[in-house]
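Structure record follows, encoded as structure tokens.
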Amino acid sequence: SEASEVDKAIYGSTVPVLKGEKLSMRILVDHSIVESFAQGGRTCITSRIYPTKAIYEDGHIFLFNNATDAAITASLQIWQMSSAYAHS
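The sequence shown begins at 459 in our numbering and counts up by one.
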């Protein structure tokens with residue numbers, strides 16, 4: 459955000475990935491709320507954001523891997539969320 463009075467902290471966490479598991483992340487972005495769930499909820503983060511300029515291609519989410527194993531496989535799937543409003 460360009461606003462000076464809002465929290466601009468960077469949030470992050472670690473999640474243990476047990477031997478034989480694949481890393482699982484689910485990130486939900488709904489306008490000004492970002493919710494992240496790792497390993498089926500083993501680690502969760504929810505944050506309110508103020509996206510003055512983070513619209514469409516200007517918004518970013520970063521994932522970092524500090525894995526100790528040599529082989530790392532990754533895949534990414536993205537879906538657009540539908541409206542939660544009941545249309546009458």
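C-beta: ideal position from N, C-alpha, C; glycine also.
CB contact flag (I491, T504, <8 Å) | Counting from 1 along the sequence shown, the entry for residue 491 is found at position 33. Counting from 1 along the sequence shown, the entry for residue 504 is found at position 46. Yes, the Cβ-Cβ distance between I491 and T504 is below 8 Å.
Note down the Cα distance separating Y543 from L481, rounded to an integer number of angstroms.
-> Here residue 543 corresponds to residue number 85 of the sequence shown, with the count starting at 1. Here residue 481 corresponds to residue number 23 of the sequence shown, with the count starting at 1. Between Y543 and L481, the C-alpha separation is close to 32 Å.
Could you tell me which residues DSSP puts in a beta bridge with E493?
-> As a first step, residue 493 is located in the sequence shown; it is residue number 35 there, counting from the start. E493 pairs with L486 and T504.
Going straight from the alpha carbon of N523 to that of E463, what length do you get?
-> Taking the first residue of the sequence shown as 1, we reach residue 523 at position 65. Taking the first residue of the sequence shown as 1, we reach residue 463 at position 5. One alpha carbon belongs to N523, the other to E463, and they sit about 32 Å apart.
Proximity winner among Q535, Q538 and R506, relative to A467 (alpha-carbon distances) = Taking the first residue of the sequence shown as position 1, residue 467 is located at position 9. Checked all of Q535, Q538 and R506; the closest Cα to A467 is R506.
Give every residue of the same chain whose Cβ lies closer than 6 Å to the Cβ of S494, excluding the five residues on either side of it in the sequence, and list them in chain order.
-> For the purposes of this step, residue 494 is taken as the residue at position 36 of the sequence shown. Closer than 6 Å at the Cβ level, and outside the excluded window around S494, lie I485 and I503.
Could you name the residues of the same chain whose beta carbon sits closer than 7 Å to that of G498, not counting the 5 residues immediately before and after it, in chain order?
-> Residue numbering aside, residue 498 sits at position 40 when the sequence shown is read from its first letter. Around G498: S482.
Note down the Cα distance separating S471 from V487, rounded to an integer number of angstroms.
-> Looking up residue 471 in the sequence shown gives position 13. Looking up residue 487 in the sequence shown gives position 29. Taken atom to atom, the span from the alpha-carbon of S471 to that of V487 is near 18 Å.
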